[in-house]
Amino acid sequence: MSAMPHLDQELFSAKEIRARINALAEDIARDYGTDEILAISILKGSFVFTADLIRALAGHQVHPLVDFMTLSSYGSRSTSSGTVTLHHELSLPVDGHRVLLIDDILDTGLTLQTACQLLTRQGARDVRTCVLLDKPSRRVAPITANYTGFQIENVFVVGYGLDYNNRYRHLPGLVSMKFEDSSGAP
Ligand code: XMP
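The letter at position 163 of the sequence shown is residue 280 when you use my numbering, and the numbering goes up by one with no holes.
Written out as structure tokens, the structure is:
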């Protein structure tokens, strides 16, 4: 009988994530100065990261406006041919705002690229990107995040808001998963 996908290794502990987010908040606070930030969190995977990042920013006297958008790419997560679709519109107007786009993982880059184009078309004054994790080896779209938590190999990661079939979002750390075909992806 074949083994089920299962949790493998903790890549980053809750303590390491907290320290990294504080460093990101410091960089963001320094770069934006007194300019107002419109933080836009891409659901669902980035909800925990966003919650901690905006509170870390508050520790640097930065209090962004916060909104959410839902995008999804079709096709399996292990292929790069996804078409990205917007499912949930923003509730705040973006025109004239300095947008900080927050996502859990920069993988092929198609999601973040589509979101950046969309916000630019809607009149954002400037769009910067902040991701918790970056898998550069999987990149298809030519995009680099302005702020990155951690770079990782091509492994599938869950925990800290990230899921596999809607499980594991509650885990305090970031944990890799093992799949029976050892491709590193579901
Ligand atoms: P792209 O490829 O457009 O996709 O950069 C980014 C989105 O793909 C999902 N994704 C993952 N989700 N563990 C997850 O839980 C992973 O290792 C992983 N890799 C990609 C995620 O939704 C991300 O926003």
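We treat Cβ as the ideally placed atom computed from N, Cα and C, and that holds for glycine.
Check, Outcome
"Might you give, ordered along the chain, the residues of its own chain that have their beta carbon closer than 6 Å to the beta carbon of leucine 160, omitting 5 neighbours on each side?", "Phe185 and Thr187"
"Who does glutamine 268 pair with in a DSSP beta bridge?", "Asp251"
"In or out: proline 259 buried (at least 16 other Cβ within 10 Å) or exposed?", "exposed"
"Could you check whether the Cβ of phenylalanine 273 sits closer than 7 Å to any heavy atom belonging to the ligand XMP?", "yes"
"With a Cβ-Cβ cutoff of 8 Å, do alanine 175 and threonine 167 count as a contact?", "no"
"Could one say the Cβ of alanine 136 lies closer than 8 Å to chain D's Cβ atoms, at least one of them?", "No chain D is part of this structure, which consists of one protein chain only."
"Please tell me whether serine 293 and leucine 128 are closer than 8 Å, where the distance is taken between their beta carbons.", "yes"
"Measuring alpha carbon to alpha carbon, tell me which of Glu133, His123 and Leu170 ends up nearest glutamate 143.", "Leu170"
"What is the residue span of the alpha helix (DSSP H) that threonine 231 lies within?", "227–238"
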